[in-house]
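Trainee: Counting in full-length UniProt numbering, the sequence shown runs from 1 upward without gaps. Backbone N, C-alpha and C define an ideal beta-carbon position, used for all residues, glycine too.
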Amino acid sequence: MTNVLFNAPVKVYRMSTPEHECPWGLRAINLLSEHSIPFEDILLRSQTEVNTFKDQYGVSTTPQIFVGDQRLGGYSDLTKYFSVQAITPEYSYTPVIALFSTAGLVALSTSLGLTGFMGISLSMLASLKLMDIDSFTTSFKKYDLITQRFQHYGKIYPFAELAIGLGFLSNIAPLFTGVGSLILGMSGAVSVFKAVYIDKMALNCACIGGNSKAPLGIVSFAENGIMTIMGAMLIFSSLSPQSLKSMRSPNPVSPEIDYHPVHKLACPIYSTTSFTGKRSINCIALPAFFRRDSLTKGA
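1. Given that a residue counts as buried once 16 or more other Cβ atoms are within 10 Å of its Cβ, and exposed if not, what is alanine 227?
2. Under the assumption that serine 191 contacts glycine 231 (Cβ atoms under 8 Å), give the Cβ distance between them as a whole number of angstroms.
3. In or out: asparagine 7 buried (at least 16 other Cβ within 10 Å) or exposed?
4. Going by DSSP, what residue range makes up the beta strand (DSSP E) through isoleucine 73?
5. Under a Cβ-count criterion, where at least 16 other Cβ atoms within 10 Å of its own Cβ denotes burial, should asparagine 224 be classed as buried or exposed?
6. Would the stretch 73 to 84 count as touching the stretch 25 to 37 if we require 3 or more Cβ pairs under 8 Å?
7. For histidine 20, which residues from the same chain have a beta carbon less than 6 Å from its beta carbon, with the 5 sequence-adjacent residues on both sides left out?
8. Pick from Leu234, Ser109, His152: whose alpha carbon is nearest that of phenylalanine 176?
9. In this structure, how does DSSP classify leucine 112 when only helix, strand and coil are distinguished?
10. Under DSSP, the alpha helix (DSSP H) around phenylalanine 66 begins and ends at which residues?
11. Could you tell me if leucine 78 is buried or exposed, where buried requires 16 or more neighbouring beta carbons within 10 angstroms of its beta carbon?
12. Measure the C-alpha to C-alpha separation of lysine 200 and tryptophan 24 and round it to an integer number of angstroms.
13. Can the beta-carbon of glycine 217 be found closer than 8 Å to that of valine 196?
14. For threonine 137, which option in Lys54, Asn204, Tyr75 has the closest C-alpha, if you only look at C-alpha atoms?
15. If I measure Cβ to Cβ from phenylalanine 66 and keep anything under 6 Å in the same chain, skipping five residues before and after, which residues do I get?
16. With DSSP run on the structure shown, which of helix, strand or coil describes residue 300?
17. Tell me the rounded alpha-carbon separation between leucine 105 and phenylalanine 221.
18. In three-state DSSP terms, what is tyrosine 13?
19. Does proline 215 come out as helix, strand or coil in the three-state DSSP assignment?
20. Cβ atoms of serine 123 and leucine 166: under 8 Å apart, would you say?
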């Protein structure tokens, strides 16, 4: 392929849409400019144009460089022709591993279980997004289908994620928490699947903020999948007969006699069940200061 670039007009087909400016296309035209090679820069302005181009020439990625009627290849092929070192994408799963490991250890040490782990993880993820919400929105818009239609959704998302995380931790309004988790998880999973496995886009994941180096892929899809499953489980548990019965009957049951574990005194036990299903037990014969959340029988 000696001197092939000098024998015919050069054309560069690259993706350039409002949602995504292909970095490899920019690197390809910069490399041609550095070697003083004239070229025609042909922009593919929509995902439809990108897909049509790929089908027409039987390629799976862009950019693509053509010399006359001959296809040279993509950015990597161009660097090989010029015998220069190709720039490789900087991806790292370290931030993702660190975040979920920390959330897991906190949930384990506090005995919060799976829902606690989910709540801590979502709250931490939301806080990272809120640190630079504009950067997150810009990165998120590249692949999220809802944000591409409604730009304000990108700025609402971190707050919604934080609310859902706190909902998992507090068990307040579990039905709303479950519905929110289900909606965010399903929409996110569909967006990631389309961007990565259908459109073949090489992007960074905005899950830990807009400046993340974590690649958009299986981890992002799994994260949204877990949100979907946890949301569905929470909805199911909230609509179970036992939960519905407790929501309809929040009144206390008749007191029973038990022994206070510290003072060894017999006292009426006042038991209530909240709408979340949590049972609260108190000795109503003692001042509130001496009451305990749980009592054990016997001296």
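Mentor: Per the coordinate set shown:
1. Residue numbering aside, residue 227 sits at position 227 when the sequence shown is read from its first letter. At residue 227 the sequence reads methionine, which differs from the alanine that was named. Buried is the call here.
2. The count along the sequence shown starts at 1 and reaches residue 191 at position 191. The count along the sequence shown starts at 1 and reaches residue 231 at position 231. Their Cβ separation, rounded to whole angstroms, is 16 Å, which puts serine 191 and glycine 231 out of contact at 8 Å.
3. Within the sequence shown, residue 7 is the residue found at index 7, counting from 1. It is exposed - the Cβ of asparagine 7 has fewer than 16 other Cβ atoms within 10 Å.
4. In the sequence shown, residue 73 corresponds to position 73, counting from 1. Note that residue 73 is glycine in the sequence shown, not isoleucine. Its beta strand (DSSP E) spans residues 70 to 73.
5. Indexing the sequence shown from 1 puts residue 224 at position 224. By the 10 Å Cβ count, asparagine 224 comes out buried.
6. yes
7. Working through the sequence shown from its first residue, we reach residue 20 at position 20. Excluding positions up to five away in sequence, the list reads Lys142.
8. Stepping through the sequence shown from its first residue, residue 176 is reached at position 176. Among Leu234, Ser109, His152, the Cα nearest to that of phenylalanine 176 is on Leu234.
9. Along the sequence shown, read from residue 1 onward, the residue named residue 112 stands at position 112. Here leucine 112 sits in coil by DSSP.
10. Taking the first residue of the sequence shown as 1, we reach residue 66 at position 66. Careful: phenylalanine 66 lies outside any alpha helix (DSSP H), inside the beta strand (DSSP E) at 64 to 67.
11. By 1-based counting over the sequence shown, the position of residue 78 is 78. Buried, since its Cβ has 16 or more Cβ neighbours within 10 Å.
12. For the purposes of this step, residue 200 is taken as residue 200 along the sequence shown, with counting starting at 1. For the purposes of this step, residue 24 is taken as residue 24 along the sequence shown, with counting starting at 1. Computed Cα separation, rounded: 14 Å.
13. Translated into the one-based positions of the sequence shown, residue 217 becomes position 217. Translated into the one-based positions of the sequence shown, residue 196 becomes position 196. Yes, the pair counts as a contact, with Cβ atoms nearer than the cut-off.
14. Here residue 137 is taken as the residue at index 137 of the sequence shown, counted from 1. Looking at the Cα atoms, Asn204 is the closest of the given residues.
15. On the sequence shown, position 66 is the one that residue 66 refers to. Contacts found: Lys11.
16. Lying outside 1 to 299, the shown extent of the chain, residue 300 is not represented and no answer is given.
17. Reading the sequence shown from its first residue, position 105 is the one you call residue 105. Reading the sequence shown from its first residue, position 221 is the one you call residue 221. Roughly 23 Å separates the two Cα atoms.
18. Within the sequence shown, residue 13 is the residue found at index 13, counting from 1. In this structure, tyrosine 13 counts as strand in the three-state DSSP scheme.
19. As a first step, residue 215 is located in the sequence shown; it is residue number 215 there, counting from the start. In the structure shown, proline 215 sits in a strand (DSSP, three-state: E or B).
20. By one-based count along the sequence shown, residue 166 stands at place 166. By one-based count along the sequence shown, residue 123 stands at place 123. In contact: leucine 166 and serine 123 (Cβ atoms closer than 8 Å).
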